[in-house]
Amino acid sequence: MMTERVVNGNNDIPSENDRKALEFIEDVTIRADQVQSQVLSEVLTRNAHTEYLNRFGLDSRSDRQTFKKLLPVITYDDLQPDILRIANGDKSPILSSHPVSEFLTSSGTSAGERKLMPTIEEELDRRTLLYSLLMPVMNKYMKGLDKGKGMYFLFVKSETVTPGGLVARPVLTSYYNSRHFREKPYDPYNVITSPMEAILCVDSYQSMYAQLLCGLAQNNEVLRVGAVFASGLLRAIHFLEQHWKSLCRDIRTGTLGEQEVSDISIREGAKKMNILHPNPQLADFIEEECSRESWQGIITRLWPNTKYMEVIVTGAMAQYIPTLDFYSGGLPQPPNEHPELVELVDVKIGEEYELVVTTYAGLYRYRVGDVLRVSGFHNSAPQFHFVCRKNVMLSIDSDKTDEVELQNAVKKATEHLEPYGAKLIEYTSYADVSTIPGHYVLFWELQRAKDVEEELPGWGVGRVLPRNGGEFEFCVQTRQSCRQIHRASGDKIGRKWDI
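Start counting at 1 in the sequence shown, then tack on 108, and there's your number in our numbering.
Next up, the structure:
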């Protein structure tokens, strides 16, 4: 097989690890349909004697045709009774022949409640393999990533324990707490600025403060910045806006202020990294940059060697792209209802599909609820952009507005802000049915980008922009940006949008 040449700083010859990773990507994407069949056969063979598969009479058969004929496509509601049995302590092979090691919890965006998804110990190996494929690809396009560090804002969330004694936590919290993350071998392409103890601290304030302080203390070594989602990186920037004076104080003295971070493990972790030393010059530099009226390009101003941002900007996260461009000065960002079922290799470019998966951990033809759009192919394997979560919508009677439609409406409405130097930071919404007819309410967090004092245009209340900056409220009509059924519904029965 021909190996693509990649750039690794000094020359264009790929490292051995990069070469193997790129060959793996080529192999599985060229043989995408074959790999799908092979994985399905492995899953069904090893789980042949589970209660769930026997329930549908699979009788140890592992071919794709029999599997699709006998097993129904399911949702979480169908699986919940079995999951509750496992959560309550039933250790029999209900879904998987391997013991369930923990539950991964969903965010609860689809139905308002967190889902418990069973997983097995070896899934961490597969997850780690997938995570390891990112840098070999990035090395093809960015030189010298082994000559500096990544400033990634990574966080864990609190865990719960089921009645049967199994831990339940979000997938990234599970990964960050695993030996795969905590004990990973040194790799010059994956050195980060944050102490491990700060990442693993459940106190989000102390974790954020310590990660920002360490990132600022190593500002000239940072080559890439990121978080899992675009919103996470922007949350870090907003935190910096609020606390840069305290951060400058600690950089000036070379200490981690106990009034800001009292967690002993974080303090010890930062001490072990040996990066905090009195640095009045850096403190003066940060103070000067953060005191400027405009924060445009603040990322590349404070971390001048940054080459790109690594965040998810598809789906609902797309709303943050303009704000990321503002704060980063235009740094590159990585590219990131069909009732009939199609095979992975048979999807079509431009079409949207809901994901249905079968896993080693015992999910069979499970509807995940993620809607993906096919953006292209790499060999025989499709490339996807995340669009939205299925069934995340506002609803009043028969009127439905889904996540994408709402985002498009908000995007259209924010065009009215541009002449007034304001930008949208965040928004949320809900359906208010306390009046007849009901209406949708949107809450916008807006920020003044320059010193203006003019009344904002809109179909409702306009507020004056305060000269001292900060946040303000603005009411604007978004109904016209929604699909035709919403316009017709609103015109006929008086449905309206409030902001």
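The C-beta atom is built at its ideal place from N, Cα and C for all residues, glycine as well.
Per DSSP, the bridge partner or partners of W411: Stepping through the sequence shown from its first residue, residue 411 is reached at position 303. Partner(s): none; W411 has no beta bridge.
Just curious, the beta strand (DSSP E) that V419 is in, first and last residue? Mapped onto the sequence shown, residue 419 falls at position 311. Unbroken beta strand (DSSP E) run through V419: Y416 to I420.
With T522 as the anchor, note down where its alpha helix (DSSP H) starts and where it stops. Against the sequence shown, residue 522 aligns to sequence position 414. Here T522 belongs to no alpha helix (DSSP H), and DSSP marks it neither H nor E.
Do you know how far the Cα of D198 is from the Cα of P207? Walking along the sequence shown from the start, residue 207 turns up at place 99. Walking along the sequence shown from the start, residue 198 turns up at place 90. One C-alpha to the other measures close to 10 Å.
Between A335 and the rest of its own chain, which residues show a CB-CB distance below 6 Å, the 5 nearest in sequence each way excluded? Position 227 of the sequence shown holds residue 335. Contacts found: F261, L341 and V419.
On the CB-based measure, 16 or more other CB atoms within 10 Å of its CB, does Q389 come out buried or exposed? Translated into positions along the sequence shown, residue 389 becomes position 281. By the neighbour-count definition (other C-beta atoms within 10 Å, threshold 16), Q389 is an exposed residue.
Determine contact between the stretch 262 to 279 and the stretch 152 to 159, defined as no fewer than three beta-carbon pairs at a distance below 8 Å. The stretch 262 to 279, when compared against the stretch 152 to 159, does not touch it at the 8 Å Cβ threshold.
Report the rounded CA-to-CA distance for T236 versus E526, giving the unit in angstroms. As a working mapping, residue 236 is identified with position 128 in the sequence shown. As a working mapping, residue 526 is identified with position 418 in the sequence shown. Those two C-alpha atoms are separated by around 43 Å.
Per DSSP, which residues does S537 bridge with? Please list them. By 1-based counting over the sequence shown, the position of residue 537 is 429. Paired residues: L550.
Spatial neighbours of V354 in its chain, beta-carbon cut-off 7 Å, leaving aside the 5 residues before and after: Within the sequence shown, residue 354 is the residue found at index 246, counting from 1. Residue identity differs from the one stated: residue 354 is Ser in this sequence, not Val. Hits under 7 Å: G365 and E368.
Pair within 8 Å by beta-carbon distance, Y362 and L384: Start at 1 with the first residue of the sequence shown, and residue 362 comes out as number 254. Start at 1 with the first residue of the sequence shown, and residue 384 comes out as number 276. Reading off the sequence, residue 362 comes out as Gly, not Tyr. Yes, they are a contact pair.
Which word fits G377, buried or exposed, when buried means at least 16 other C-beta atoms lie within 10 angstroms of its C-beta? By 1-based counting over the sequence shown, the position of residue 377 is 269. Within 10 angstroms of the beta-carbon of G377 lie 16 or more other beta-carbons, which makes it buried.
Collapsed DSSP secondary structure at S483 in the structure displayed: Taking the sequence shown and counting its residues from 1, one reaches residue 483 at position 375. Strand.
Do you know offhand how far M250's Cα is from F132's? The residue given as residue 250 occupies position 142 in the sequence shown. The residue given as residue 132 occupies position 24 in the sequence shown. Approximately 20 Å, taken between the alpha carbons.
Using the C-alpha atoms, what's the distance from P189 back to T466? For the purposes of this step, residue 466 is taken as residue 358 along the sequence shown, with counting starting at 1. For the purposes of this step, residue 189 is taken as residue 81 along the sequence shown, with counting starting at 1. Each residue's alpha carbon lies about 18 Å from the other.
Three-state secondary structure (DSSP) of Y474: The residue labelled residue 474 in the question sits at position 366 within the sequence shown. Y474: strand per DSSP, three-state reduction.
Run through DSSP, which three-state label would K199 get? Walking along the sequence shown from the start, residue 199 turns up at place 91. If DSSP states are grouped into helix, strand and coil, K199 belongs with coil.
Can you give the beta carbon distance from V408 to T414, rounded, assuming they're within the 8 Å contact cut? As a position in the sequence shown, residue 408 is number 300, starting the count at 1. As a position in the sequence shown, residue 414 is number 306, starting the count at 1. The question names Val, yet the displayed sequence has Thr at residue 408. Correct: roughly 6 Å between the Cβ atoms.
Which same chain residues end up closer than 8 Å to D141 when comparing Cβ atoms and leaving out the 5 residues on each side of it in sequence? By 1-based counting over the sequence shown, the position of residue 141 is 33. Excluding positions up to five away in sequence, the list reads E451, L452, V453 and S488.
Hey, M425 and F492: beta-carbon distance below 8 Å or not? For the purposes of this step, residue 425 is taken as residue 317 along the sequence shown, with counting starting at 1. For the purposes of this step, residue 492 is taken as residue 384 along the sequence shown, with counting starting at 1. The answer is no: Cβ separation not under 8 Å.
Limits of the alpha helix (DSSP H) - the one that R375 falls within: For the purposes of this step, residue 375 is taken as residue 267 along the sequence shown, with counting starting at 1. From DSSP, the alpha helix (DSSP H) with R375 extends over I372 to M381.
Three-state class that DSSP yields for E401 in the structure shown: Against the sequence shown, residue 401 aligns to sequence position 293. DSSP places E401 in the coil class of the three-state scheme, outside both helix and strand.
Could you pull out every residue in the same chain whose Cβ sits closer than 6 Å to the Cβ of Y317, ignoring the five residues on either side in sequence? Position 209 of the sequence shown, counting from 1, holds the residue named residue 317. Closer than 6 Å at Cβ, skipping near neighbours: E368 and V369.
Applying the criterion that 16 or more other CB atoms from any shown protein chain within 10 Å of the CB defines a buried residue, is Y184 buried or exposed? By one-based count along the sequence shown, residue 184 stands at place 76. Looking at its Cβ environment, which holds 16 or more other Cβ atoms inside 10 Å, Y184 is buried.
Under 8 Å between C-beta atoms of V299 and T281: What you label residue 299 is simply residue 191 of the sequence shown in a count that begins at 1. What you label residue 281 is simply residue 173 of the sequence shown in a count that begins at 1. Against a cut-off of 8 Å, the Cβ pair of T281 and V299 comes out as no contact.
Should V269 be labelled buried (16 or more other beta-carbon atoms within 10 Å of its own) or exposed? Stepping through the sequence shown from its first residue, residue 269 is reached at position 161. Result: exposed.
Starting from the C-beta of M225, find all residues in its chain whose C-beta is less than 6 Å away, skip the five residues before and the five after it, and write them out in chain order. Residue 225 sits at position 117 when you count from the first residue of the sequence shown. Closer than 6 Å at the Cβ level, and outside the excluded window around M225, lie L212.
Considering just the uninterrupted stretch of the beta strand (DSSP E) at F347, what are its terminal residues? As a first step, residue 347 must be located in the sequence shown, where it is residue number 239. In this chain, F347 is not harboured by any beta strand (DSSP E); it is covered by the alpha helix (DSSP H) spanning A338 to T361.
Can the beta-carbon of P430 be found less than 8 Å from the beta-carbon of V455? Counting from one through the sequence shown, the residue named residue 430 turns up at place 322. Counting from one through the sequence shown, the residue named residue 455 turns up at place 347. The answer is no: Cβ separation not under 8 Å.
If S149 and S170 are in contact, beta carbons under 8 Å, what's the gap, nearest whole angstrom? The count along the sequence shown starts at 1 and reaches residue 149 at position 41. The count along the sequence shown starts at 1 and reaches residue 170 at position 62. Contact holds; Cβ gap of about 4 Å.
Here's a check: name, in chain order, each residue in its chain whose Cβ is nearer than 6 Å to the Cβ of P440, leaving out the five neighbours to either side. Here residue 440 refers to the residue found at position 332 of the sequence shown. Taken in chain order, the residues that qualify are Y416.
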